[in-house]
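Participant: For the sequence shown, position 67 (counting from the first letter as 1) is numbered 153 according to this note's numbering, and the numbering increases by one without interruption. Note that beta-carbon positions come from the ideal geometry of N, C-alpha and C, so glycine has one too. Before we start, here is the structure in question, set down as structure tokens.
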Amino acid sequence: MSHEVRLHPNSVKFLDMLDRRVKNRIELTLHQLENDPIRSRPEVDIKRLKGTKGRQNLFRLRIGDYRVIYAVDEKVVWVTEIFHRGKGYRI
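Structure follows, in structure tokens:
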């Protein structure tokens with residue numbers, strides 16, 4: 087089952103500001119969501135977010151010190167936010 091990963095424009099801006107090495111690591115991990123965006127596995131740390139009021143399909147992807155918030159909709163993974171873990175979560 088293959089999914090398409092799409093990034094919100096703010097996520098693209100954030101990625102562009104990062105160091106090339108960190109950016110490449112995040113992009114590589116995002117590509118792994120194409121195969122299975124829901125199940126956590128050793129190389130991809132995924133957790134379903136709780137308490138998001140009506141948004142049952144939100145997930146958190148942990149990539150080192152960075153976090154990716156995304157939604158899964160049919161065959162599309164919508165990356166809504168990428169941030170440093172120190173920023174915290176706001177939904």
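Taking 8 Å as the threshold, find out whether the segment 104-113 comes into contact with the segment 129-136 through three or more Cβ pairs.
Facilitator: Remark: fewer than three beta-carbon pairs, one from each stretch, lie closer than 8 Å, so the segment 104-113 and the segment 129-136 are not flagged as touching.
Participant: Return the CA-CA distance between residue 99 and residue 154, expressed in angstroms with no decimal places.
Facilitator: The residue given as residue 99 occupies position 13 in the sequence shown. The residue given as residue 154 occupies position 68 in the sequence shown. Roughly 14 Å separates the two Cα atoms.
Participant: What are the residues that DSSP puts in a beta bridge with residue 155?
Facilitator: The count along the sequence shown starts at 1 and reaches residue 155 at position 69. BP columns for residue 155 point to 146 and 167.
Participant: Apply the 10 Å Cβ neighbour rule to residue 168 and answer buried if 16 or more other Cβ atoms are within range, or exposed otherwise.
Facilitator: In the sequence shown, residue 168 corresponds to position 82, counting from 1. Residue 168 counts as buried, since at least 16 other C-beta atoms from the protein chains shown sit within 10 angstroms of its C-beta.
Participant: Check residue 134 in the structure and name its three-state DSSP category.
Facilitator: By 1-based counting over the sequence shown, the position of residue 134 is 48. Three-state DSSP puts residue 134 in a strand.
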